[in-house]
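Trainee: Sharing a structure here in structure tokens format.
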Amino acid sequence: MGVKILGIETSCDETAAAVVEDGVKILSSVVSSQVDVHRKFGGVVPEVASRRHLELINPVIKEALEQAGVGFGDLQAVAVTQGPGLVGALLVGLAAAKALAFALGVPLLAVNHLEGHIYANFLVHRDLSFPLVCLVVSGGHTDLVLVRRHGDYRLLGRTRDDAAGEAFDKVARVLELGYPGGPALERLAREGNEEAVNFPRASVEGLDFSFSGLKTAVIQHLHRCQRAGEEVARADVAASFQKAVVDVLVEKTLEAARRTGCRDIILAGGVAANGRLRAAMQEGARREGRRVLYPPAELCTDNAAMIACAAYYRYLRGEEAPLTLNALPGLPLAPA
Ligand code: KG4
Ligand code: ZN
Numbered sequence: 229m230g231v232k233i234l235g236i237e238t239s240c241d242e243t244a245a246a247v248v249e250d251g252v253k254i255l256s257s258v259v260s261s262q263v264d265v266h267r268k269f270g271g272v273v274p275e276v277a278s279r280r281h282l283e284l285i286n287p288v289i290k291e292a293l294e295q296a297g298v299g300f301g302d303l304q305a306v307a308v309t310q311g312p313g314l315v316g317a318l319l320v321g322l323a324a325a326k327a328l329a330f331a332l333g334v335p336l337l338a339v340n341h342l343e344g345h346i347y348a349n350f351l352v353h354r355d356l357s358f359p360l361v362c363l364v365v366s367g368g369h370t371d372l373v374l375v376r377r378h379g380d381y382r383l384l385g386r387t388r389d390d391a392a393g394e395a396f397d398k399v400a401r402v403l404e405l406g407y408p409g410g411p412a413l414e415r416l417a418r419e420g421n422e423e424a425v426n427f428p429r430a431s432v433e434g435l436d437f438s439f440s441g442l443k444t445a446v447i448q449h450l451h452r453c454q455r456a457g458e459e460v461a462r463a464d465v466a467a468s469f470q471k472a473v474v475d476v477l478v479e480k481t482l483e484a485a486r487r488t489g490c491r492d493i494i495l496a497g498g499v500a501a502n503g504r505l506r507a508a509m510q511e512g513a514r515r516e517g518r519r520v521l522y523p524p525a526e527l528c529t530d531n532a533a534m535i536a537c538a539a540y541y542r543y544l545r546g547e548e549a550p551l552t553l554n555a556l557p558g559l560p561l562a563p564a
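Spelled out as structure tokens, the structure:
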């Protein structure tokens, strides 16, 4: 009999629950997206997200158990995202997880949301070798992380302003692609010429990133076109913007791998679903004899299977969070 862990994730706008066995076997992974609720506001409204989580959390947990074909009594632990994220959203998942862990008499395990994204890779790849470099690219974070062994992270670089996903979302908005913007922008970019506009590659020293200047450059380009009475080639702008983001992400990630002597590079977070980023990273790494791995798209974006997977390794180490556990909206992954 394997170790079955229920994972619960409510850090942003997805209410998610999953049952994972031994950190690798996804028995169920239910993700109830609130995208439709937030779309009319053009982004996530924290108060609305909390209320929606509250409505969805019990049915989503029930569904995860049903799909997995297990009862509450079959669970060995309950894992939950403690942060980073929206405090009111996190609290809903925490309250549910604490109540269940207490009632079932099983350990409560606290997981960092970014750690969860990293572990989406361990759900699907069996032969990852430490140390490895992970590029975490989500809506809120752009971090280069050295993973020395399970649970041991060192921050190598991070964005100084906007996260990569945030840049995708903001540029998608000015291109009137709606919300959420990342996937829509990638689709539009497929029809464009990525050499059409030469957007700046932010030159930040070391392994840090900066994307706010790029977003401004896109807006300025659109204004210039408007003033000149030219029609905006939206697909070209999307493709050129995407290329500028991808170039920098690939360059810095490969540099991080060189500096730390890592053969394996893993990608994590919503932007890791981007096909252009995946392909460019693969190509760059291959030239240097390195390997790039990433989760399937549905495990790149927020889900609870990744939380249950990360928790499994904490469970093996005998960790247990207290029932007084609180949400930490700014929880860091690792000391810089
Ligand atoms: O990891 P995630 O689901 O949530 C956070 O923890 O933030 O990441 C969401 C972000 C959003 O900014 C979304 O636009 C972006 O990931 N994203 C993408 C793609 N799919 C999701 N960005 C670029 N290309 C994609 N295919
Ligand atoms: Zn996330």
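Take 229 as the starting number for the sequence shown in this note's numbering and just add one per residue.
The C-beta atom is built at its ideal place from N, Cα and C for all residues, glycine as well.
Predicted, not measured: the structure shown is a model, and the values here were computed from it.
(1) Near T488, which residues of its chain fall below 8 Å by C-beta distance, leaving aside the five closest residues on each side in sequence?
(2) Going along the chain, which residues of its own chain have a beta-carbon closer than 6 Å to the beta-carbon of V231, five neighbours each way excluded?
(3) Rank E419, G457, A508 by C-alpha distance to the C-alpha of A467 and give the top, closest one.
(4) Give every residue of the same chain whose Cβ lies closer than 6 Å to the Cβ of I254, excluding the five residues on either side of it in the sequence, and list them in chain order.
(5) One question on the structure: do E237 and D436 come within less than 8 Å of each other, judged by their Cβ atoms?
(6) Can you tell me whether K480 is helix, strand or coil according to DSSP?
(7) Considering Cα atoms alone, identify which of H369, L328, G299, R267 is closest to G311.
(8) May I ask whether a heavy atom of ligand 2 can be found less than 7 Å away from the beta carbon of P371?
(9) Going by alpha carbons, who is nearest to A323 out of A484, N554, R388?
(10) Let me know the secondary structure DSSP gives S257 once reduced to three states.
(11) Taking 5 Å as the limit, tell me which residues put their C-beta closer than that to any heavy atom of ligand 2, in chain order.
(12) Tell me the DSSP bridge mates of D371?
(13) Applying the 10 Å Cβ sphere with the 16-neighbour rule, what's the burial state of S357?
(14) Assuming R415 and G270 form a contact by the criterion Cβ under 8 Å, report the distance between their Cβ atoms to the nearest whole angstrom.
(15) When you measure from the CB of V247 to every non-hydrogen atom of ligand 1, does any distance come out below 7 Å?
(16) Short check: CB of V616 to CB of A508, under 8 Å?
Mentor: Considering the structure as presented:
(1) P359, V361, L374, L384
(2) D250, Q304
(3) Nearest Cα to A467 within the set E419, G457, A508: E419.
(4) V248, A533
(5) The answer is no: Cβ separation not under 8 Å.
(6) Helix, per DSSP.
(7) H369
(8) The sequence given here places Asp at residue 371; Pro does not occur at that position. No, ligand 2 has no heavy atom inside 7 Å of this Cβ.
(9) Among A484, N554, R388, the Cα nearest to that of A323 is on N554.
(10) strand
(11) S366, D530
(12) V364, R386
(13) The residue is exposed, with fewer than 16 neighbouring Cβ atoms inside 10 Å.
(14) That pair is no contact at about 19 Å.
(15) V247 Cβ: outside cutoff for every heavy atom of ligand 1.
(16) No answer is possible for residue 616: it lies beyond the span of the chain, which begins at 229 and ends at 564.
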